[in-house]
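S.K.: Have a look at the structure that comes next, please.
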């Protein structure tokens, strides 16, 4: 495949009758001043929904999409979807977003918990910032599917709202567990319909889960899993869990 820079564009701006795409001020600055794309040169644009097009710069603020009705490359959504639910740490959450996106996670769920340090967030503003970070990571990693970052919620309320196609494991430290994340994944895949199944791993606060939260997990029959023999920071645990999830899915596709 051609080695061209990539630009993420919302699908509703691409799928229209007009093949000329008007760029925003930030997008025009990126291709003109940062990447120094000249008029007549090609770039890739992706909608984050599995499609990639070639486009030609025709003006400093305008691209012409080549074969709008026939994308240069298309990719189906994965059968098994992967999710990381993370209690927002005091620092490092933006790095978690970047790296989870690059690894291949499909859903990122910010969580609140009793022992969380960073609780005073302007969430509307944060979501705008976080989506921008994910968009840039999609461009950099050359993914065709943009992960979804969901609205922040309390850990207990979030678990109560899961359905039967969503399987949830809880990462825990300093506790005996019956399995690690890999073992849990192999066991759980037998109990779900393949289409639309989401496999979640939940990363807690660096202060650990509260006794009330652990009691709820036990009553709800959530499985505790181990990620490592050492104590990991929230950011390290998130990346470790994401890598395990993604490698499991890769191995599963190779076996099938």
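In the working numbering, the protein residues as written are 8 to 263.
For each residue, glycine too, the CB sits at the ideal point set by N, CA and C.
Is it buried or exposed, residue 249, if we count other Cβ atoms within 10 angstroms and call 16 or more buried?
M.R.: Result: buried.
S.K.: In this structure, does DSSP put residue 43 in helix, strand or coil?
M.R.: Three-state result, residue 43: coil.
S.K.: Check this for me: beta carbons of residue 266 and residue 70, under 8 Å apart or not?
M.R.: Absent from the structure is residue 266, since the part of the chain shown begins at 8 and ends at 263.
S.K.: Return the Cβ separation of residue 235 and residue 210 in integer angstroms, given the expectation that the two are a contact with Cβ distance under 8 Å.
M.R.: Contact doesn't hold; Cβ gap of about 12 Å is too wide.
S.K.: Could you check if residue 113 is buried or exposed, using at least 16 other CB atoms within 10 Å of its CB as the buried criterion?
M.R.: That one is buried.
S.K.: From the DSSP output, which residues share a beta bridge with residue 90?
M.R.: The partner list for residue 90 (beta bridge, DSSP) reads 114 and 207.
S.K.: In chain order, which continuous runs of the alpha helix (DSSP H) of length 4 or greater are located wholly inside the region 14 to 85?
M.R.: With a minimum length of 4 residues, the continuous alpha helix (DSSP H) runs that stay inside the region 14 to 85 are 18 to 21 and 32 to 36.
S.K.: Could you pull the start and end residues of the beta strand (DSSP E) that residue 230 belongs to?
M.R.: That run of the beta strand (DSSP E) goes 230 to 233.
S.K.: Counting C-beta neighbours from all protein chains within 10 Å, is the total for residue 208 16 or more, i.e. buried, or is it exposed?
M.R.: When all chains shown are included, residue 208 counts as buried.
S.K.: Taking three-plus beta-carbon pairs below 8 Å as touching, is the region 149 to 158 in contact with the region 99 to 119?
M.R.: As far as the Cβ criterion goes, the region 149 to 158 touches the region 99 to 119, which means the pair count is three or higher.
S.K.: Taking only the alpha-carbon atoms, compute the straight-line gap between residue 161 and residue 195 and give it to the nearest angstrom.
M.R.: Answer to the nearest angstrom: the Cα atoms are 24 Å apart.
S.K.: Are there 16 or more other CB atoms within 10 angstroms of the CB of residue 130, so buried, or fewer, so exposed?
M.R.: Residue 130 should be labelled exposed.
S.K.: Does the region 32 to 41 touch the region 57 to 74, meaning 3 or more C-beta pairs lie closer than 8 Å?
M.R.: Taking 8 Å as the limit for Cβ pairs, the verdict is that the region 32 to 41 does touch the region 57 to 74.
S.K.: With 16 as the cutoff for other CB atoms within 10 Å, does residue 107 come out buried or exposed?
M.R.: Burial call: buried.
S.K.: Let me check one thing: in DSSP terms, what residues is residue 156 bridge-paired to?
M.R.: DSSP lists 115 as partners of residue 156.
S.K.: Below 8 Å CB to CB, which residues in the same chain sit around residue 253 once its five sequence neighbours on both sides are set aside?
M.R.: Excluding positions up to five away in sequence, the list reads 89, 110, 111 and 112.
S.K.: Buried or exposed: where does residue 55 fall if 16 or more other Cβ atoms within 10 Å of its Cβ makes it buried?
M.R.: Buried: at least 16 other Cβ atoms inside 10 Å.
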